[in-house]
Amino acid sequence: GSLALGLTGLGGFWLAQRAIHPVERSYEQLKQFTADASHELRGPLTAITTSVEVMQKHPERVHDKDRKKLSAIASAATQLHTLAEDLLLLARMDAQAIAAPPQKVDLNALLHRTVEFHRPAAQAKAIALQFEEKAMLSVLGYPLPLSRLFANLIQNALHYTPQGQVIVTLSQSRRSAHVCVADTGIGIAEAEFPCLFDRFWRADKARSRRIGGSGLGLAIVKAITQQHRGKISVSSQVNVGSTFHVYLPLVSSDGSMSPG
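Mind the numbering: the sequence shown is residues 1 to 260 in UniProt numbering, read in order.
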């Protein structure tokens with residue numbers, strides 16, 4: 001009886017593995033196509049953007065009625081270029097294509113630079129952008145992806161905050177650096193939390209279309225967080241605001257990554 005049960009279980013496992021192989025293969029092929037397509041799009045989009053920039057530098061050669069069309073082309077090309085770069089970044093992270101060893105990153109300095117870079121955008125919307133440092137912390141990782149992680153969170157907060165403030169806070173939580181990006185924006189319904197970090201998914205789709213963006217910002221945030229063996233969560237209330245929490249392992253005394 002137990003032998004038959006064991007054989008049945010093994011048979012079921014074998015069949016399940018066989019059934020999932022085509023799905024895994026299709027998913028890998030889709031990721032490869034995404035990477036290839038994104039790479040191939042970069043050339044034509046760069047050519048379009050360069051041509052438009054040249055024309056905009058010589059407005060006397062452009063008819064008045066065509067200037068708005070030219071601006072629309074420039075805007076669309078920029079959005080497509082951003083989308084291609086985002087897709088390529090995700091494809092590289094899926095393939096774990098970063099070969100360089102991680103390095104010690106001063107999180108205070110990195111966050112300060114990222115916040116200051118976004119201050120003009122915040123001022124343009126009359127939003128108070130603050131950075132609160134409650135600890136001096138370093139993590140083991142990659143400076144550019146980490147900058148992208150927090151830039152995406154700040155941009156997301158600014159996009160969805162019509163008025164009020166965005167506060168970036170750095171503190172220590174046990175053996176992790178805890179970065180909070182809190183806003184007083186439109187908020188997110190709790191039912192939407194499970195899909196929030198999915199690719200091309202957006203809360204409040206009608207509003208997202210007006211604001212723009214590739215729909216990949218939070219997917220990139222999650223991918224970079226996982227790349228650094230960190231964790232991310234969100235708390236939010238509709239019409240009150242949202243807070244994104246990122247936890248990254250600190251650098252240990254021997255220079256390695258803390259177990260968290």
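By construction, the Cβ of each residue, glycine as well, lies at the ideal position given by its N, Cα and C atoms.
### Query
Just checking, does the stretch 237-251 make contact with the stretch 181-201 on the three C-beta pairs under 8 angstroms criterion?
yes
### Query
To which residues of the same chain is histidine 228 closer than 6 angstroms at the C-beta, ignoring the five residues directly before and after it?
Residue numbering aside, residue 228 sits at position 228 when the sequence shown is read from its first letter. Gly141, Leu248, listed in sequence order.
### Task
For leucine 146, count neighbouring C-beta atoms within 10 Å of its own C-beta (all shown protein chains included) and say buried if the count is 16 or more, exposed if not.
Position 146 of the sequence shown, counting from 1, holds the residue named residue 146. The residue is buried, with at least 16 neighbouring Cβ atoms inside 10 Å.
### Message
By the three-class DSSP mapping on this structure, what secondary structure does glutamine 103 have?
### Response
As a first step, residue 103 must be located in the sequence shown, where it is residue number 103. Glutamine 103: strand per DSSP, three-state reduction.
### Query
With distances taken between CB atoms, is the gap from threonine 243 to alanine 191 smaller than 7 angstroms?
Indexing the sequence shown from 1 puts residue 243 at position 243. Indexing the sequence shown from 1 puts residue 191 at position 191. No, Cβ-Cβ distance for threonine 243 and alanine 191 is not below 7 angstroms.
### Task
Let me know if arginine 119 comes out buried or exposed under the rule of 16 or more other beta-carbons within 10 Å of its beta-carbon.
Along the sequence shown, one-based indexing puts residue 119 at 119. Looking at its Cβ environment, which holds fewer than 16 other Cβ atoms inside 10 Å, arginine 119 is exposed.
### Message
Is the beta carbon of leucine 216 closer than 7 angstroms to that of aspartate 106?
### Response
Start at 1 with the first residue of the sequence shown, and residue 106 comes out as number 106. Start at 1 with the first residue of the sequence shown, and residue 216 comes out as number 216. Not in contact: aspartate 106 and leucine 216 (Cβ atoms no closer than 7 angstroms).
### Task
Quick one: which unbroken beta strand (DSSP E) runs of 3-plus residues sit fully inside the stretch 110-169? Chain order, please.
127-133, 138-141
### Query
Of all the CB atoms in chain D, is at least one closer than 7 angstroms to the CB of glutamine 56?
Among the protein chains of the structure shown there is no chain D, as only one such chain exists.
### Task
Using the Cα positions of leucine 80 and threonine 46, report the straight-line distance between them to the nearest angstrom.
Taking the sequence shown and counting its residues from 1, the one referred to as residue 80 is at position 80. Taking the sequence shown and counting its residues from 1, the one referred to as residue 46 is at position 46. Whole-angstrom Cα-Cα distance: 10 angstroms.
#### Entry: Collapsed DSSP secondary structure at glycine 241 in the structure displayed
Here residue 241 corresponds to residue number 241 of the sequence shown, with the count starting at 1. Strand.
### Query
Are at least three pairs of beta-carbons, each pair with one atom in the stretch 162-172 and one in the stretch 117-131, less than 8 angstroms apart?
yes
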